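Residue numbers (our numbering), protein chains in the order written: chain X, 1 to 228; chain W, 1001 to 1186; chain Y, 2001 to 2190.
Here a beta-carbon is modelled for each residue, glycine too, at the ideal position from N, C-alpha and C.
A quick note: this is a predicted structure, and the numbers were derived from the prediction, not measured.
Have a look at the structure below, then the notes.
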Amino acid sequence: MPENKSSMHEFTKGLIKENPTLVTLLGMCPTLAVTTMAVNGIGMGLATTFVLVCSNIVISLLKNVIPKAVRLPCFIVIIAGFVTLISFILQGYFPALYSALGIFLSLITVNCIILGRAEAFASKNKLLPSILDGLGMGLGFTLSLFVMGSLREIFGSGSWLGFKIPVISSNPVLIFIMPAGGFFVLGCIIAMVNKIANRKPPAEISCSNCPNAEMCGQTKEDCTREDK
Amino acid sequence: MKNNIIPPLVLTIICIVVSGLLVFAHNQTYVDTTGVMTDELKAGCEDVFGKGEYEMLLDKNADTKTPVTFDVDGVVSVITDSTKEKCLVEIEEDGYSKGGLHVLIGVNKDGAVEGISFIECGETPGLGTKVKEKSFLDTLVGFDTNTNPDDIDNVTSATYSSKGMKSACKKAVKLYSEHKEEITNA
Amino acid sequence: MKLIIILITAVFVNNIVLSQFMGICPFLGVSKQLKSSVGMGGAVIFVMVCATACTYPVYKLLELAKVEYLQTVAFILVIALFVQLVEIVLKKTMPPLYKALGVYLPLITTNCAVLGVTISNIDNSYTFVQSIVNALGTGLAFTLALVLFSGVRARIADSDIPETFKGVPATLVAASIVSLSFMGFGGLFS
């Protein structure tokens, strides 16, 4: 059935083919900042998925009501509302994760992924595809955070998900937990992904993923975004 | 004219709706824990001194539950047990991040640190959080008003966090020695 | 004196991009050329200082109404509206400036660094003047990182990099080395 096939496609595309962090290079800030431990990466990814799915739902339902001129501020306010909601939930039920994520929980509001998907997809599509799109992108994001977090935690602290690893834990390579290590690991992962996908880097970043696409009003030549 | 009014109007309505929902959610779920011995605090006390009946010192003159802090910056509350021989000071101290060290410091009746329990640690994961390890906390046992903080080694790559911990210990023992009378007679 | 410490800490010790990881998207996207780096940096400094000036009183109002938790919604709304306003004003009053800087303004709304600095002013309990100085320092830090990096990228562009690492991966590895060098400022204030 073509309809079921395209529904699955909406979900799976976010996992690997259009993985937000590793392919379309959005949402870099939390990827580098909270991945000092794998469990923090998963927590951040799931929190972002929650906000992404909820805001996609609301925006898809309201797509005919929100006027074009003020759509970005409206999207942002809706997203900020859900971010505040998830931070209540984390503060109450998962205080350890709440203090580990710190300021980056509030910064989910300006995560390019969420605004990008709202602008590019949810505001133009029906409810169910929007939900699946949000789920797919969010879980893809969680996956890449988990991989980053695991690598940094294993080499930098000698543990994984809290379990100490015998050989490395006595001599961890501290640089991996520091900011410099974060940049380095992400660079290597993206290089590896490019190699596996056999794509000629840099990846094609089209205007459709840039959250400012319609506000921008520039031609492709003038666009100051990198590697288009 | 209509085109100029509708967009800002929709935006304003959305803002009001979102804010209203959040205020509602907050009021339904918020629990004020000032002056209350939460399960977390009780568990922390038992971690340091073992089982017992712990209670927080509250200001007798205040209308609402206000913990006694003896006006020391960073002290959240002072807790004693029924025998009045065990005292714990709840402190929020700056480590690398502001307010990153939220600890319960147990002070024994000689005025020295008996043990430390963490309520929350907002330090850098993997680096600053090393101050939670037993090997470091054990070096702080016995810290009293005569101890020189520089004699205790900091944890490597957790310098600010270690300094914060020592500062918290200093506050706790200083508070105990200055207000011992009031605490034991409360 | 404390103001100078805040300024230097913001620019070097706790550089917003290289140590605190905020503002990475424009950092990677715009730092290819010196001209665009300076342009983006200038626009960011302006928006950060003005956003702080606007959000600080807003937070005080929220405190009075005892709804501090609405901070995220309020701040991002203020920032988004402010940027929109500046764009409209620039377009009408100073077209040449709009042509030079205007293109960066929409990108700044979604810049983590701007929202980040407004929130961290509150978290650190700064006074109004301290917040402004912090915002100024953070903007300068961002510009510094961008300008430094545009130089690094100009050098990389001419060198021979393995195929797999060409483009973004090489940029990230270079960023890691620049970040490493900034770690040297760590012990500046004891």
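I'd like to know whether the C-beta of Pro201 (chain X) is nearer than 8 Å to at least one C-beta of chain Y. Counting from 1 along the first sequence, the entry for residue 201 (chain X) is found at position 201. Low confidence applies here, because Pro201 (chain X) scores a pLDDT of 48, under 50, leaving its location unreliable; read the following figure in that light. True, the Cβ-Cβ gap to chain Y drops below 8 Å.
Outcome for Gly92 (chain X) when other beta-carbon atoms lying within 10 angstroms are tallied against a minimum of 16: Here residue 92 (chain X) corresponds to residue number 92 of the first sequence, with the count starting at 1. Under this definition Gly92 (chain X) is an exposed residue.
Could you spell out where the beta strand (DSSP E) holding Cys175 (chain X) opens and where it closes? For this step, residue 175 (chain X) is matched to residue 175 along the first sequence. Rather than Cys, the amino acid found at residue 175 (chain X) in this sequence is Ile. Here Ile175 (chain X) belongs to no beta strand (DSSP E), and DSSP marks it neither H nor E.
Helix, strand or coil: how does DSSP classify Ile1119 (chain W) here? Numbered from its first residue, the second sequence carries residue 1119 (chain W) at position 119. Three-state result, Ile1119 (chain W): strand.
Apart from the five residues just before and just after Leu2018 (chain Y), which ones in its own chain have a Cβ nearer than 7 Å to its Cβ? Within the third sequence, residue 2018 (chain Y) is the residue found at index 18, counting from 1. So the qualifying residues of the chain are Ala2145, Val2178, Ser2179 and Phe2182.
Tell me which residues of the segment 1012 to 1033 of chain W have at least one Cβ-Cβ distance to chain Y shorter than 7 Å, keeping chain order. Cys1015, Val1018, Ser1019, Leu1022, Val1023 and His1026
For Val1113 (chain W), write down the residues that DSSP places opposite it in a beta bridge. Stepping through the second sequence from its first residue, residue 1113 (chain W) is reached at position 113. Answer is W:Val1107.
Interface residues of chain W facing Gly92 (chain X) [CB-CB closer than 7 Å]: Counting from one through the first sequence, the residue named residue 92 (chain X) turns up at place 92. Thr1029, listed in chain order.
Contact list for the segment 1140 to 1170 of chain W against chain Y, Cβ threshold 7 Å: none
Does the beta carbon of Pro2057 (chain Y) sit closer than 8 Å to a beta carbon anywhere in chain X? By 1-based counting over the third sequence, the position of residue 2057 (chain Y) is 57. So, not an interface residue.
Beta carbons nearer than 8 Å to chain W: which residues of the segment 2116 to 2142 of chain Y have them? Asp2123, Asn2124 and Ser2125
Can you tell me where the beta strand (DSSP E) holding Ser1077 (chain W) begins and where it ends? Taking the first residue of the second sequence as 1, we reach residue 1077 (chain W) at position 77. Note, Ser1077 (chain W): beta strand (DSSP E), Val1075 to Asp1081.
Restricting to Cα atoms, I'd like to know which of W:Asn1185, W:Phe1024, W:Lys1086 and W:Lys1065 is closest to Asn1108 (chain W). Within the second sequence, numbered from 1, the residue matching residue 1108 (chain W) stands at position 108. When each option's Cα is compared against that of Asn1108 (chain W), the closest is W:Lys1086.
For Tyr2069 (chain Y), decide whether its Cβ has a neighbour in chain W, counting only Cβ atoms nearer than 8 Å. By one-based count along the third sequence, residue 2069 (chain Y) stands at place 69. It does: the Cβ of Tyr2069 (chain Y) has a partner Cβ on chain W nearer than 8 Å.
Residue interval of the beta strand (DSSP E) (run including Tyr1054 (chain W)): Position 54 of the second sequence, counted from the first residue, corresponds to residue 1054 (chain W). Counting along the chain, the beta strand (DSSP E) containing Tyr1054 (chain W) begins and ends at Tyr1054 to Met1056.
Cβ atoms of Val39 (chain X) and Gly284 (chain X): under 8 Å apart, would you say? No statement about residue 284 (chain X) is possible, as the shown extent of chain X runs from 1 to 228 and does not include it.
Are there three or more Cβ pairs, one per stretch, closer than 8 Å when the segment 1021 to 1040 of chain W is compared with the segment 1050 to 1059 of chain W? yes
So, with DSSP's three-state summary, where would you put Phe1070 (chain W)? As a working mapping, residue 1070 (chain W) is identified with position 70 in the second sequence. In this structure, Phe1070 (chain W) counts as coil in the three-state DSSP scheme.
Report the three-state DSSP secondary structure of Leu161 (chain X) (helix, strand or coil). Counted from its first residue, the first sequence places residue 161 (chain X) at position 161. If DSSP states are grouped into helix, strand and coil, Leu161 (chain X) belongs with coil.
Quick one: measure Cβ to Cβ for Phe50 (chain X) and Leu135 (chain X), integer angstroms, because I've assumed they're closer than 8 Å. Working through the first sequence from its first residue, we reach residue 50 (chain X) at position 50. Working through the first sequence from its first residue, we reach residue 135 (chain X) at position 135. 10 Å between Cβ atoms; not a contact.
Check whether chain X comes within 8 Å of Thr1069 (chain W), counting only Cβ atoms and requiring the distance to be less than that. Position 69 of the second sequence holds residue 1069 (chain W). Thr1069 (chain W) does not count as touching chain X.
6 Å Cβ shell around Thr2116 (chain Y) - same chain, five flanking residues per side excluded: Locating residue 2116 (chain Y) in the third sequence gives position 116, counting from the first residue. One detail in the question is off: residue 2116 (chain Y) reads as Gly in this sequence, not Thr. Same-chain partners within the cutoff: Met2022.
Identify, in the order they occur along the chain, each residue of the same chain with its Cβ nearer than 6 Å to the Cβ of Ile2008 (chain Y), setting aside the five sequence neighbours on each side. One-based indexing of the third sequence puts residue 2008 (chain Y) at position 8. Excluding positions up to five away in sequence, the list is empty.
Boundaries of the beta strand (DSSP E) in which Val1089 (chain W) is found, first to last residue: By one-based count along the second sequence, residue 1089 (chain W) stands at place 89. Cys1087 to Glu1093 is the span of the beta strand (DSSP E), which, as asked, contains Val1089 (chain W).
Under the three-state reduction of DSSP, which class applies to Leu2085 (chain Y): helix, strand or coil? The residue labelled residue 2085 (chain Y) in the question sits at position 85 within the third sequence. The answer is helix: DSSP assigns Leu2085 (chain Y) an H, G or I state.
Sort out for me which residues DSSP pairs His1026 (chain W) with in a bridge. Counting from 1 along the second sequence, the entry for residue 1026 (chain W) is found at position 26. Paired residues: none, contrary to the question.
Within 8 Å, do at least three Cβ pairs link the segment 1141 to 1151 of chain W to the segment 176 to 185 of chain X? no
Alpha carbon to alpha carbon, what distance is there between Lys1098 (chain W) and Ile1116 (chain W)? Sequence index remark: in the second sequence, residue 1116 (chain W) carries index 116 (1-based). Sequence index remark: in the second sequence, residue 1098 (chain W) carries index 98 (1-based). Going by the C-alpha atoms only, they are around 19 Å apart.
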